[in-house]
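Residue numbers (my numbering), protein chains in the order written: chain H, 1 to 91; chain E, 1001 to 1263.
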Amino acid sequence: MIVRIATEGQYELDEGLSAEVTELDNQVIAACESDDETEFRAKFDRLLELVRGGRKFRDDELVGSDMILPPPDVSLKEAKAEFSGEGLIPG
Amino acid sequence: MPGLSGRMSVVIKAKISKLLDRAEDPGETLEYSYQKQIELLQNVKKGIADVVTSKKRLQLQEEKLRQQVVKLDTQARQALAAGNEELARTALERKNVAQTELQSLDSQIAELEGQQQQMTESEQKLRTKIEQFRSKKEVIKAQYSAAEAQVRISEAATGVGEEMADVGLAMQRALDKTENMKARASAVGELEAAGTFEDLTALGSGDDDIDRQLKQLSSTSEVDSDLEKMKAELAVGSAGELGPGATGGPAEREAQQAGEAKQ
Chain H
1 MIVRIATEGQ YELDEGLSAE VTELDNQVIA ACESDDETEF RAKFDRLLEL
51 VRGGRKFRDD ELVGSDMILP PPDVSLKEAK AEFSGEGLIP G
Chain E
1001 MPGLSGRMSV VIKAKISKLL DRAEDPGETL EYSYQKQIEL LQNVKKGIAD
1051 VVTSKKRLQL QEEKLRQQVV KLDTQARQAL AAGNEELART ALERKNVAQT
1101 ELQSLDSQIA ELEGQQQQMT ESEQKLRTKI EQFRSKKEVI KAQYSAAEAQ
1151 VRISEAATGV GEEMADVGLA MQRALDKTEN MKARASAVGE LEAAGTFEDL
1201 TALGSGDDDI DRQLKQLSST SEVDSDLEKM KAELAVGSAG ELGPGATGGP
1251 AEREAQQAGE AKQ
């Protein structure tokens, strides 16, 4: 599967990792909902690490992503805003 | 897909499809997007320049404060030498305030410097990202004109659209950070313009009240020493005018007799 880390780049991950990615993704959201900054940071960093372990796409490869992660320096506040519909991406 | 990434994807993808739907000529849209990115990069560069200006102003202020510390120290010594311990104390108190301000300025300048460094790095990354986008833009434009690659086109269009949104996001975040930095730098600048530092330490080219008091002191002591000189001269002069039979001591009488004998 193809995962993009916003503002960073795209990675191709082994399909076998998708369960782990989804699990971490859910944990990030749980931390976000309970307003737990430490947990949010820890899980999100773990998720980034997992994705970065994949093959990085070259500049001339043009593909859509299956999943798009927020920028690596996203704050808990920004992530929460994303949930409430105030997107990070400018309209 | 539930979760943060899922929601991110939904938001981004909705915006991308809106963007591409609206575009009659995708090549034009990409070109416009690229031009917009270049423009935004200029804003980031301008933001960095503003921060550098603020930093330089603070450094100038820092230099003035440093001179003030030296000056106040000299003033304290002068006051003490003149025997005005109270004034010396006042000067030393102000020197202390100036030194505290200096430390605070130091750390603010160091912070600005760190942020400037970060911004410069992220500006370089953005530049690279825009350059990458330029290459991809050319690829997709070429593909759009090749009718036989219809299927691949939509696939690539998604990729480019995503890339476009992503560069936009990176740019937005860099701009936000620049704005934050500018706000902090100008907050310090305003503090300085409001004269907070000057009030505390009596900065400025004009005389402050310690200067005036020191001048008064030195003029007072000049008067005193002039008076002392005059007194001494008067003492010698009057002894000569009193003549013989005056209340002089034996030595004076001898001196007078010696003088008369010569004549």
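Virtual Cβ for every residue (Gly too), placed ideally from N, Cα, C. Note that the structure is a prediction, hence the values are computed from the model and not measured.
Could you tell me if residue i is buried or exposed, where buried requires 16 or more neighbouring beta carbons within 10 angstroms of its beta carbon?
i: E/Asp1209; result: exposed
i: E/Ser1122; result: buried
i: E/Gly1114; result: exposed
i: E/Ile1038; result: exposed
i: E/Glu1085; result: exposed
i: E/Glu1163; result: buried
i: E/Lys1070; result: Strictly speaking, residue 1070 of chain E in this sequence is Val, with Lys absent from that position. Looking at its Cβ environment, which holds fewer than 16 other Cβ atoms inside 10 Å, E/Val1070 is exposed.
i: H/Tyr11; result: buried
i: H/Ala31; result: buried
i: H/Asp25; result: buried
i: E/Gly1168; result: buried
i: E/Glu1101; result: buried
i: H/Ala19; result: exposed
i: E/Ser1135; result: exposed
i: E/Glu1254; result: A caution first: E/Glu1254 carries a pLDDT of 47, below 50, which makes its placement in the model unreliable, though a value can still be read off. Per the 10 Å Cβ criterion, exposed.
i: E/Leu1242; result: Because E/Leu1242 carries a pLDDT of 46, less than 50, the predicted location of this residue cannot be relied on, and the following value inherits that uncertainty. Its Cβ having fewer than 16 others within 10 Å, E/Leu1242 is exposed.
i: E/Lys1262; result: Because the pLDDT of E/Lys1262 is 46, which lies under 50, any placement of that residue in the model is unreliable, and the number read from its coordinates should be weighed accordingly. Exposed is the call here.
According to the Cβ coordinates, are residue i and residue j closer than 8 angstroms?
i: E/Ile1048; j: E/Thr1128; result: no
i: H/Gly16; j: H/Lys56; result: no
i: H/Thr7; j: E/Asp1176; result: no
i: E/Lys1137; j: E/Tyr1032; result: no
i: E/Ala1076; j: E/Ala1091; result: yes
i: E/Leu1072; j: E/Leu1105; result: no
i: H/Val51; j: H/Leu69; result: yes
i: H/Leu13; j: H/Gly64; result: no
i: E/Ala1088; j: E/Leu1214; result: no
i: H/Val28; j: H/Met67; result: no
i: E/Leu1126; j: E/Val1051; result: no
i: E/Lys1141; j: E/Leu1060; result: no
Cα-Cα, which of the options is closest to residue i?
i: E/Gln1117; options: E/Leu1040, E/Ala1174, E/Glu1031, E/Gln1213; result: E/Ala1174
i: E/Glu1111; options: E/Lys1036, E/Tyr1032, E/Leu1040, E/Leu1058; result: E/Leu1058
i: H/Lys43; options: H/Ile2, H/Met1, H/Val74; result: H/Val74
i: E/Lys941; options: E/Gln1213, E/Gly1168, E/Ile1130, E/Gln1108; result: Because chain E is modelled from 1001 through 1263, residue 941 of chain E falls outside the range shown and cannot be assessed.
i: H/Leu47; options: H/Leu76, H/Glu37, H/Lys77, H/Pro72; result: H/Pro72
i: E/Leu1040; options: E/Ala1183, E/Asn1180, E/Gln1172; result: E/Gln1172
i: E/Gln1067; options: E/Thr1053, E/Arg1094, E/Ser1054; result: E/Arg1094
i: H/Leu76; options: H/Met1, H/Ser34, H/Ile5; result: H/Ser34
i: E/Lys1036; options: E/Ala1183, E/Ala1170, E/Asp1211; result: E/Ala1170
i: H/Lys80; options: H/Met1, H/Glu23, H/Glu37, H/Ile5; result: H/Glu37
i: E/Asn1180; options: E/Met1119, E/Ala1081, E/Glu1062; result: E/Met1119
i: E/Asp1211; options: E/Gln1124, E/Thr1074, E/Ile1130, E/Gly1083; result: E/Thr1074
i: E/Lys1042; options: E/Gln1132, E/Phe1133, E/Gln1124; result: In the sequence as presented, Lys is not what sits at residue 1042 of chain E; that position holds Gln. Closest by alpha carbon: E/Gln1124.
i: E/Gln1103; options: E/Glu1062, E/Ile1130, E/Gly1083; result: E/Glu1062
i: H/Val102; options: H/Met1, H/Glu78, H/Arg58; result: Any answer about residue 102 of chain H is impossible in this case: the structure gives chain H only from 1 up to 91.
Which residues in chain C have a C-beta closer than 8 angstroms to the C-beta of residue i? List them in chain order.
i: H/Ala19; result: In the displayed structure, chain C is absent; the protein chains listed are H and E.
Taking Cβ-Cβ distances below 8 angstroms as the criterion, which residues of the segment 1162-1180 of chain E are in contact with chain H? Glu1162, Glu1163, Ala1165, Asp1166, Gly1168, Leu1169, Ala1170, Gln1172, Arg1173
Taking any Cβ of chain H, which residues in the segment 1114-1138 of chain E have a Cβ under 7 angstroms from it, in chain order? Gln1132, Ser1135, Lys1136
Fully enclosed by the segment 14-79 of chain H, which alpha helix (DSSP H) runs are 4 residues long or longer? 18-33, 37-52
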